[in-house]
Amino acid sequence: MTVSNVITALCIVMLVTSCARDGIADPTGEPPKVVRKITDYTFRKVPGSSITLQFRTLSFLEGGDTSIVMGSKYRYTVVDTAFMRTDGKRCIAIQRETITDGEVRFTDTTHQFTDGSELVNFERMTDSVGRRRLAEPLRVGNWFLYRNPFGNVESNRYAIVGVDVPVETPLGTMQAVHVRMASQTPDPVGTRQFMDEQWLVPDMHIVLQRQTNRYVLNDGSPTSTSISEFIIVERSW
1 MTVSNVITAL CIVMLVTSCA RDGIADPTGE PPKVVRKITD YTFRKVPGSS ITLQFRTLSF
61 LEGGDTSIVM GSKYRYTVVD TAFMRTDGKR CIAIQRETIT DGEVRFTDTT HQFTDGSELV
121 NFERMTDSVG RRRLAEPLRV GNWFLYRNPF GNVESNRYAI VGVDVPVETP LGTMQAVHVR
181 MASQTPDPVG TRQFMDEQWL VPDMHIVLQR QTNRYVLNDG SPTSTSISEF IIVERSW
């Protein structure tokens, strides 16, 4: 990894941290240009359409070295736009392939449900409580529970912090809804801070997901940070 890449990665981290601290929702400061509905943010409702996300991790110690490790790719292909679950929910069925070293190593299916007020992903057929990715009204400040029965706890509350936010990806700049959750867990030695951010784009669902773990020690020792990231790298149209 080059020095310039390291600097770029650190700048991204600093920008994310700054936005979280200052409460900046939409860097343009402008109202949404298009009125969007919750159904716009599902995968593209065309059988055979697909997107591919690249997984990577970035780890560094404050004032120390930075390392980036590239992981597998995950290809999501729509196979059915009217799949009926056993509970009567009509979903989009998506084939998910794990691609490692250029080869498909694992294949399974996930299901996406939307009823006009919320967008939920069921990771497997046996899920009775899906993962809520977005909920109306689509405006800054709205918050929702990631998994409803788990209660109103810090790590279960997600908020919309930006609408029509430009997000940079390898496929270019896209306009996204930006969703964020932040929590912290203290212990006798320090505080573990966690942030999960997701950028959703119409017809492509999540084009970037970034999870940041920071461990801040009480004695002022250097802070360690680890970032896990999924970012769109391919699409079929």
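So in my numbering, the last one in the sequence shown is 237, and the numbering has no gaps at all. Cβ coordinates follow ideal geometry from the N, Cα and C atoms, glycine included.
Length of the line joining the Cα atoms of M248 and T77: No statement about residue 248 is possible, as the shown extent of the chain runs from 1 to 237 and does not include it.
Sequence ranges, beta strand (DSSP E) only - wholly within the stretch 74-108, length at least 3: 90-100
Touch test, the stretch 82-102 against the stretch 57-66, Cβ-Cβ under 8 Å, three pairs minimum: no
Simplified DSSP assignment, three categories, for Y41: helix
Bridge partner(s) assigned by DSSP for G190: L217
V16 versus F150 - alpha carbon distance: Here the model assigns V16 a pLDDT of 40, short of 50, so the residue's position is not dependable, and the following value carries that caveat. Their Cα atoms are separated by approximately 27 Å.
Presumed contact (8 Å Cβ cut-off) between L200 and I232, rounded CB distance: Contact flag wrong, Cβ pair sits at about 11 Å.
Integer-rounded CB distance, given that R180 should sit under 8 Å from Y215: 20 Å between Cβ atoms; not a contact.
CB contact flag (R131, F144, <7 Å): no
Residue burial classification, F106 (beta-carbon count within 10 angstroms, cutoff 16): exposed
Helix, strand or coil at V13 [DSSP, three-state]: With a pLDDT of 40 at V13, under the threshold of 50, the modelled position of that residue is not reliable, and the figure given next carries that caveat. In the structure shown, V13 sits in a helix (DSSP, three-state: H, G or I).
Other residues of its chain near G23: CB distance less than 6 Å, five sequence neighbours each side excluded: With a pLDDT of 37 at G23, under the threshold of 50, the modelled position of this residue cannot be trusted, and the question is left open.
Proximity of L134 and Y74 at Cβ, strictly below 7 Å: no
From S128, T39, R44, G116, residue whose alpha carbon lies closest to that of M204: R44
Y146 - containing beta strand (DSSP E), residue span: Looking at the DSSP string, Y146 is not in any beta strand (DSSP E), and its letter there is neither H nor E.
Per-residue DSSP class, three states only, for N121: strand
Reduced DSSP secondary structure (H/G/I, E/B, other) of S155: helix
Proximity to S221 [Cα-Cα], best of V189, E197, I206, Q211: V189
Those runs of the beta strand (DSSP E) which lie wholly inside the stretch 160-190 and span at least 3 residues: 172-186
Cβ-Cβ distance between R235 and I51 below 7 Å: yes
Alpha carbon of F230 to alpha carbon of D219, nearest angstrom: 33 Å
L58: first and last residue of the uninterrupted beta strand (DSSP E) it sits in: 50-61
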